[in-house]
Amino acid sequence: MALFRNDSPIGMQPGGDYAIASNPVSTITMNSVMRLVYVWMFLGLAVSAFVAFFVSNQIETALATGANSIWLSPVVLFGSVIATFVLAIVLGIGLTRKWLSPTLAAGLFMLYAALMGVMLSSVLVVYADATIFKAFGSTAILFGIMSVYGYTTKSDLTSMGKYLMMGLIGLIVASLVNLFLGSSGLDYIISIIGVLIFVGMTAYDTQKIKRMAENPAIQNDSNMVLKVSIYGALELYLDFINLFLFLLRLFGRND
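Structural data, given as structure tokens:
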């Protein structure tokens, strides 16, 4: 998650509100929780896509006609960026504590997805439709493959986490440096590394969420099931979005 990551999973963080349980949980229960994770993730993506297409159409119409539009205001753009960042922090922390109710968490996640759609609208304006669809299709395939791998593999991917986070920090630093350098070559390298990092993140996060879903302390509490589902959806949602954006930069270099 390029904007925010919280790697203290619900029910598994030291000193948190929920302790890990060691009793095994049935495969049916664990699979049910994982299905909810993907349902919430896809709902978030659907909301973001709807808002992004709506806002991008408004922007394109305003640019074509010379009309004023609230969506062209820098205040709206920067406001959505700040609000999205704040919401990510609130969700990331609140979902690992008892003070954020499942209903409020669900509402905040949908609001977060809508604000992300506002941010993504500019992407739809800049890039050609063919490039966007190619990047989205590639993202869906890569994400699906790596999520299935993370879900089914017997290998422990825990050790990958620290290396992926180190790579992500380096990626952010390199991106900030390139804002001043404006190097197309460095941007190309950053995009490739970004794809590799979020491909790995997808597998890592999927396995982490699966292990959370195996916790009886969580699966026996309907409120916790919903909170874990939203937490996992947020993690995978951001993996998908970031993977999409880096692939879009690679495919759209000639746009």
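Just so you know, the sequence shown maps onto residues 815 to 1069 in the numbering used here. The beta-carbon is built from N, C-alpha and C at its ideal position, and this holds for glycine as well.
Candidates A944, G1014, S998 and V991: closest to G975 by CA position: When only C-alpha atoms are compared, the closest one is G1014.
Residue of A860, L877 and S997 minimising C-alpha distance to V940: Of A860, L877 and S997, the residue nearest in Cα terms is L877.
Proximity of I1003 and L985 at Cβ, strictly below 8 angstroms: No, Cβ-Cβ distance for I1003 and L985 is not below 8 angstroms.
S915 to I946 span [Cα, whole Å]: S915 and I946: Cα-Cα distance of roughly 36 angstroms.
Contact set for I884: own chain, Cβ-Cβ below 7 angstroms, skip 5 residues either direction: Answer for I884: V890, listed in chain order.
Length of the line joining the Cα atoms of V851 and N1037: Approximately 14 angstroms between the Cα atoms of the pair.
V991 versus T843 - alpha carbon distance: Straight across, the Cα-Cα distance linking V991 with T843 is about 46 angstroms.
Alpha-carbon spacing of G906 relative to Y926, whole angstroms: G906 and Y926: Cα-Cα distance of roughly 12 angstroms.
Of the residues S846, L978 and L857, the one placed nearest L1048, counting alpha carbons only: That would be L857, whose Cα lies nearest to the Cα of L1048.
Chain-order list of residues whose beta-carbon lies under 7 angstroms from that of F1058 (same chain, five-residue window excluded): Short of 7 angstroms from the beta carbon of F1058, and not among the five residues preceding or following it, lie these beta carbons of its own chain, in chain order: A949, F950 and T953.
Integer-rounded CB distance, given that V1009 should sit under 8 angstroms from F1065: The pair is not a contact, with the Cβ atoms about 11 angstroms apart (cut-off 8 angstroms).
Beta-carbon proximity of S935 to V869, cut-off 8 angstroms: Judged by beta-carbon spacing, V869 lies within the 8 angstroms limit of S935, meaning their Cβ atoms are closer than that value.
Spatially closest choice to M980 from A919, A1017 and I1007, by CA coordinates: Taking only the C-alpha atoms, the option nearest M980 is I1007.
Three-state class that DSSP yields for L909 in the structure shown: The three-state reading of DSSP puts L909 in coil, since its state is none of H, G, I, E or B.
Stretch-stretch touch, CB-based, cutoff 8 angstroms, three pairs: the stretch 957-968 with the stretch 1017-1032: Flag = yes, the stretch 957-968 and the stretch 1017-1032 touch.
CB contact flag (A919, I1044, <8 angstroms): Cβ atoms of A919 and I1044: closer than 8 angstroms.
E874, DSSP secondary structure in three states: Reduced to three states, the DSSP call for E874 is helix.
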